[in-house]
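In case it helps, the numbering used here puts the sequence shown at residues 9 to 210.
Heads up, the beta-carbon is just placed ideally off N, CA and C, and yes, glycines get one too.
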Amino acid sequence: VAAIKQAADKVGMNYTIEEGEAAFYGPKLDFIFRDVLKREWQLGTVQVDFLLPERFDLEYTGEDGLKHRPVMIHRAPFGSMERFVGILIEHFNGAFPLWLSPVQVMMVPIADRHIEYAQVVATQLRAAGMRVEVDASSERMNKKIRSAQMQKIPYMLVVGDKEAEEGAVAVRTRDNVNRGATPVAEFITHVTTLITTKSMEL
9 VAAIKQAADK
19 VGMNYTIEEG
29 EAAFYGPKLD
39 FIFRDVLKRE
49 WQLGTVQVDF
59 LLPERFDLEY
69 TGEDGLKHRP
79 VMIHRAPFGS
89 MERFVGILIE
99 HFNGAFPLWL
109 SPVQVMMVPI
119 ADRHIEYAQV
129 VATQLRAAGM
139 RVEVDASSER
149 MNKKIRSAQM
159 QKIPYMLVVG
169 DKEAEEGAVA
179 VRTRDNVNRG
189 ATPVAEFITH
199 VTTLITTKSM
209 EL
């Protein structure tokens, strides 16, 4: 227990000691998170296990040349993956940060003749490490944009004749901000910086 307290103090962690709450095999650290309704959930855990090394008769030779019994550490950084993902979705209301979004960019060609250019740009973005989809459906542009916004995709890149001629994209964000025409290379530089720094901004 003293070693766990020392480790928690070293990283400046806020904690409370729950007497009598240790597992039968030893003490543990439980990481408790609050959801948007202030309910508490246990997610990650680090458990110190004195039982299994004894049961399996595990030994190692120390610097003193003698046999010693090791201590086993179990860890589950996210706890239940389903619970972790559920709390994450709830916390962000589905609007994940750019770096975490399953789809980061939706290409929106205005007409069928712009699909090829949209695919070319999508290939460039994927080469830069982005997760991109192309809406090649026959829906009208506004409906495509609305659909992407409903899916909470961070960026919609609208492309038409003008963008194809200029090697640009018309940038919209999921919160309906129209940033206008931007050169593809400039967009890639901006977005890859946001992704690599795990920024919460768009």
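- In the assembly as shown, Q50 is an exposed residue. Its beta-carbon has fewer than 16 other beta-carbons within 10 Å.
- The beta-carbon separation of Y125 and A193, rounded to 15 Å, does not stay under the 8 Å limit for a contact.
- Every alpha helix (DSSP H) stretch that sits fully inside the segment 54 to 87 and reaches 4 residues is listed by chain position as 59 to 63.
- Membership of N186 in the beta strand (DSSP E) is indicated by the continuous run 186 to 191.
- Where K36 is concerned, there is no enclosing alpha helix (DSSP H), although the beta strand (DSSP E) around it starts and stops at 36 to 42.
- A direct Cα-to-Cα measurement between D57 and M80 gives close to 5 Å.
- Rounded to whole angstroms, T190 and V179 show a C-alpha spacing of 7 Å.
- Contact check between the segment 103 to 117 and the segment 137 to 144: three or more CB pairs, one atom from each, fall below 8 Å, which counts as touching.
- Contact between the segment 144 to 152 and the segment 194 to 206 is absent: fewer than three C-beta pairs spanning the two stretches fall below 8 Å.
- Less than 8 Å separates the beta-carbon of I95 from that of F41.
- In the structure shown, L210 adopts coil according to DSSP, grouped into three states.
- By the neighbour-count criterion, in which 16 or more other beta carbons inside 10 Å mark a residue as buried, V167 falls on the buried side.
- Straight-line measurement puts the Cα of K152 at about 39 Å from the Cα of G52.
- Among the bridge pairs identified by DSSP, A178 is matched with V166, A189.
- With fewer than 16 other beta carbons inside 10 angstroms of its own, M21 counts as exposed.
- If you draw a straight line from the Cα of T131 to the Cα of S207, it is about 23 Å long.
- Close CB contacts of M89 within its chain, under the 6 Å cut and outside five residues either way in sequence, are absent.
- Partner residues in the beta bridge of M114, as assigned by DSSP, are E141, M164.
- It is roughly 59 Å from the alpha-carbon of K170 to the alpha-carbon of Q55.
- In this structure, the beta-carbon distance from R182 to A119 does not fall below 8 Å.
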